[in-house]
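Peer 1: Questions regarding the structure given below will be posed in turn.
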Ligand SMILES: [Zn+2]
């Protein structure tokens, strides 16, 4: 609740003039899109209805690393994991590591989305 700067009378939210003393009042209307949209927008993946299955994401990631993430909506991250896994399989040791990490990650991100949370495009686990 705002007050008249001249006489201190209580003001209605959209009042232009004070009812008591008649002095003009600066209207402090809230911005239409006031909220956490300020600053750089974070690219989020929002939960879908019906939610995507964490198990499906896990199975897809088991078949091809990164596809589970693409299925969940983390498209760029999934493509990077897919390409990264192709490179890392060439190192023998890296292949299984990224394969398992990508599976666990797809399942965890799937669970977050299924529980109604939004996740960042690059969020892991
Ligand atoms: Zn007043």
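Residue numbers (this note's numbering): 1025 to 1149. Every residue, glycine too, gets a C-beta built ideally from N, C-alpha and C.
1. By the DSSP assignment, the alpha helix (DSSP H) with residue 1093 in it spans what residues?
2. Determine the direct distance from the alpha carbon of residue 1035 to that of residue 1141, and round the result to whole angstroms.
3. How long is the line joining the alpha carbons of residue 1080 and residue 1103, rounded to whole angstroms?
4. Closest by CA to residue 1100, which one among 1144, 1038, 1046, 1048?
5. Kindly give me the distance between the Cβ atoms of residue 1090 and residue 1106, rounded to whole angstroms, as I take these residues to be in contact under 8 Å.
6. By a C-beta neighbour count over all protein chains shown, 10 Å radius and 16 as the cutoff for buried, is residue 1116 buried or exposed?
7. Since residue 1097 and residue 1069 are thought to touch, with beta carbons under 8 Å apart, how far apart are those beta carbons, to the nearest angstrom?
8. Indicate the three-state DSSP secondary structure (helix, strand or coil) for residue 1085 in the structure shown.
9. Tell me whether residue 1044 counts as near ligand 1, meaning its Cβ is closer than 7 Å to at least one heavy atom of that ligand.
10. Assign residue 1026 to buried or exposed, taking buried as 16 or more other Cβ atoms, counted over all protein chains shown, within 10 Å of its Cβ.
Peer 2: Based on what the coordinates show:
1. 1091-1096
2. 40 Å
3. 17 Å
4. 1144
5. 3 Å
6. exposed
7. 4 Å between Cβ atoms; contact.
8. Of the three classes helix, strand and coil, the one that applies to residue 1085 here is helix, per DSSP.
9. yes
10. exposed
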